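Quick notes on the structure that follows.
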Amino acid sequence: MERSLLNCRFPDVETGKQYYEPTDGKSVTLENEASNKRRRTDLYERPSLMQLCVHQATLILPQLAHQLRFIPNDLVVTLLQGFLRRFPAPSLSELKFVCEASWNPQNLSLCGVQPINSRGVQCISILPNLVRLDLRGWSWLMNLDFLPGLNCLECLVLRNCVHLPPEALLYIRELPQLQCLDVENVSAMTDNLATYIVSGLTRLRALNIGYTCIGDSLVEVLTYGCRLHTWASHQDETRVEDIKLVTESGHHGVETLLRQYPVSSLVYWRLQSTQITDVAVAHLLAIPDLQLLDVRLTNATGRSLFALKAMRKLIALPNNAKLAARTNAMLAGVLEGDCGCRAMARQSKASNSDAVTDELDALWQQAFVQLLQRASSETPQ
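Listed below in structure tokens is the structure:
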């Protein structure tokens with residue numbers, strides 16, 4: 056059949072074959088119809104202009120890193136997914152630059168990360184604005200020398216970091232803003248070491264030091280300021296000025312000791328499975344705003360908590376009187392594994408969650424884990 060001169064010819068860019076598109080309204084042969092159908096299918100399967108732009112952007116994402124904060128989150132999700140999956144894979148320098156330039160997290164949870172060396176761990180210090188850092192389960196962690204760079208850190212979770220040596224734990228004292236410390240099952244924690252570390256954290260409100268070998272002496276030291284102020288408040292003011300107390304360092308005036316030992320800000324105490332007794336519970340009566348006390352699996356008796364629960368209006372579990380808190384939400388937080396600050400901040404109403412923001416946060420954490428692993432595996436040049 057003779058073709059119309061108005062027929063248009065379309066070259067296929069991949070195969071070089073010529074396809075005809077009839078424009079005269081006449082019918083075409085079955086062979087041409089099948090050919091046109093295949094061509095239309097090929098066109099549908101080719102990437103769109105948007106996909107091509109995104110692909111190109113993933114290749115040069117480090118150059119665009121400073122602009123990501125001005126782009127809608129759903130588009131950043133697409134770009135970051137492509138960046139992490141691209142070939143060739145992002146280099147260490149690219150991952151580090153993108154994270155430093157575009158990501159400013161306050162909360163970082165790295166539970167379940169596979170073992171990395173000290174070079175990889177050191178990369179955590181590139182996030183100086185971190186407020187909460189959760190490293191629970193890092194049983195292979197041996198050093199905390201990256202902590203001094205995290206001046207904004209308010210919550211540190213080292214639960215089950217069982218191999219941390221005493222000299223590494225001393226870095227915790229260099230966190231001036233720390234309000235919540237979780238060192239549960241950190242075997243190096245002793246009364247003397249914990250006393251030295253915690254006494255230097257003047258803003259600390261929540262402490263989980265369960266499953267360690269600490270005993271009554273830690274609680275005695277940490278509550279001394281509260282007990283001293285309570286005693287002084289019941290004395291005649293004129294008499295207090297004349298009283299001299301004998302301490303290990305000599306005779307001191309009460310006013311001097313009151314300044315030296317301020318009231319502790321600790322209101323959340325998790326002491327489960329430690330060596331404490333009823334003596335420690337008696338010392339805790341002096342804490343003016345006690346929010347939670349956990350003395351399960353200790354030598355402290357349930358009877359010793361009666362006065363404390365009545366004085367501080369604490370409620371206990373029906374089947375275990377040794378865990379008491381100000382609210383049911385706090386009790387639930389303990390049972391579900393929350394750190395102290397999260398347990399105290401629990402609300403009865405569920406918070407609204409933005410699915411796109413949650414997905415973006417998960418992608419940034421995935422990128423950061425890749426950075427840690429890449430830094431750990433590459434040989435320094």
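Numbering (our numbering), first residue to last: 56 to 436.
Here a beta-carbon is modelled for each residue, glycine too, at the ideal position from N, C-alpha and C.
Predicted model only: the values in this text are computed from it and were never measured.
Along the chain, where does the alpha helix (DSSP H) containing residue i start, and where does it finish?
i: residue 47; result: Summary: the structure shown does not reach residue 47, with the chain confined to residues 56 through 436, and so no result is reported for it.
i: residue 112; result: 104-114
i: residue 316; result: No alpha helix (DSSP H) contains residue 316, which DSSP labels as neither H nor E.
i: residue 431; result: 410-432
i: residue 396; result: 395-399
i: residue 344; result: Looking at the DSSP string, residue 344 is not in any alpha helix (DSSP H), and its letter there is neither H nor E.
i: residue 369; result: Taken as a continuous stretch (DSSP letters only), residue 369 belongs to no alpha helix (DSSP H), as it is neither H nor E.
i: residue 261; result: No alpha helix (DSSP H) contains residue 261, which is instead part of the beta strand (DSSP E) from 261-263.
Tell me which same chain residues have a C-beta within less than 8 Å of the C-beta of residue i, skipping the five on either side of it?
i: residue 424; result: 165 and 168
i: residue 403; result: The predicted position of residue 403 is uncertain, since its pLDDT is 45 and thus under 50; no value can be drawn from it.
i: residue 277; result: 250, 253, 254, 319 and 321
i: residue 366; result: 340
i: residue 269; result: 244, 245, 246, 249, 326, 329, 330 and 331
i: residue 121; result: 156 and 157
Between which two residues does the beta strand (DSSP E) harbouring residue i extend?
i: residue 377; result: 375-380
i: residue 438; result: Since the first and last residues shown for the chain are 56 and 436, residue 438 lies out of range.
i: residue 437; result: Residue 437 lies beyond the stretch modelled for the chain, which goes from 56 to 436, so this question has no answer here.
i: residue 202; result: Note, residue 202: premise wrong, no beta strand (DSSP E); not H, not E.
i: residue 281; result: From DSSP, residue 281 is part of no beta strand (DSSP E) but of the alpha helix (DSSP H) over 279-288.
i: residue 349; result: 347-349
i: residue 126; result: Where residue 126 is concerned, there is no enclosing beta strand (DSSP E), given that its DSSP letter is neither H nor E.
i: residue 243; result: Segment: none, residue 243 is in no beta strand (DSSP E) and carries neither H nor E.
Identify, in the order they occur along the chain, each residue of the same chain with its Cβ nearer than 7 Å to the Cβ of residue i, setting aside the five sequence neighbours on each side.
i: residue 297; result: Model confidence at residue 297 stands at a pLDDT of 49, short of 50, so the residue's coordinates are unreliable and nothing is read from them.
i: residue 412; result: 128
i: residue 223; result: 197, 198 and 199
i: residue 133; result: 109
i: residue 356; result: 333
i: residue 172; result: 431
For residue i, count neighbouring C-beta atoms within 10 Å of its own C-beta (all shown protein chains included) and say buried if the count is 16 or more, exposed if not.
i: residue 22; result: The shown model of the chain, from 56 to 436, leaves out residue 22, and the question about it has no answer.
i: residue 329; result: buried
i: residue 280; result: buried
i: residue 152; result: buried
i: residue 392; result: exposed
i: residue 145; result: buried
i: residue 310; result: exposed
i: residue 141; result: exposed
i: residue 327; result: buried
i: residue 115; result: exposed
i: residue 216; result: buried
i: residue 237; result: buried
i: residue 429; result: buried
i: residue 124; result: exposed
i: residue 315; result: exposed
i: residue 107; result: exposed
i: residue 390; result: exposed
i: residue 65; result: Because the pLDDT at residue 65 is just 42, under 50, the model does not fix this residue reliably, and the point stays unresolved.
i: residue 148; result: exposed
i: residue 335; result: buried
i: residue 433; result: exposed
i: residue 409; result: exposed
i: residue 282; result: buried
i: residue 346; result: buried
When you compare the CB positions of residue i and residue j, do they come within less than 9 Å of one another, or not?
i: residue 422; j: residue 139; result: yes
i: residue 437; j: residue 214; result: Absent from the model: residue 437. The displayed extent of the chain is 56 to 436, so no value can be given.
i: residue 273; j: residue 246; result: yes
i: residue 363; j: residue 340; result: yes
i: residue 348; j: residue 380; result: yes
i: residue 271; j: residue 331; result: yes
i: residue 210; j: residue 186; result: yes
i: residue 150; j: residue 426; result: yes
i: residue 388; j: residue 260; result: no
i: residue 182; j: residue 202; result: no
i: residue 324; j: residue 256; result: no
i: residue 351; j: residue 378; result: yes
i: residue 131; j: residue 431; result: no
i: residue 195; j: residue 170; result: yes
i: residue 382; j: residue 370; result: yes
i: residue 112; j: residue 119; result: yes
i: residue 225; j: residue 419; result: no
i: residue 235; j: residue 212; result: yes
i: residue 156; j: residue 102; result: no
i: residue 360; j: residue 372; result: no
Near residue i, what residues of its chain come up, given a Cβ to Cβ distance below 6 Å and the 5 sequence neighbours on each side ignored?
i: residue 184; result: 159 and 207
i: residue 343; result: none
i: residue 161; result: 186
i: residue 400; result: none
i: residue 239; result: 214, 263, 265 and 266
Tell me whether residue i, by its Cβ, gets closer than 8 Å to a heavy atom of the ligand SAH.
i: residue 323; result: In terms of ligand content, the structure shown is empty, and the ligand SAH therefore cannot be addressed.
Are the segment 227-238 and the segment 205-219 touching, with three or more C-beta to C-beta distances below 8 Å?
yes
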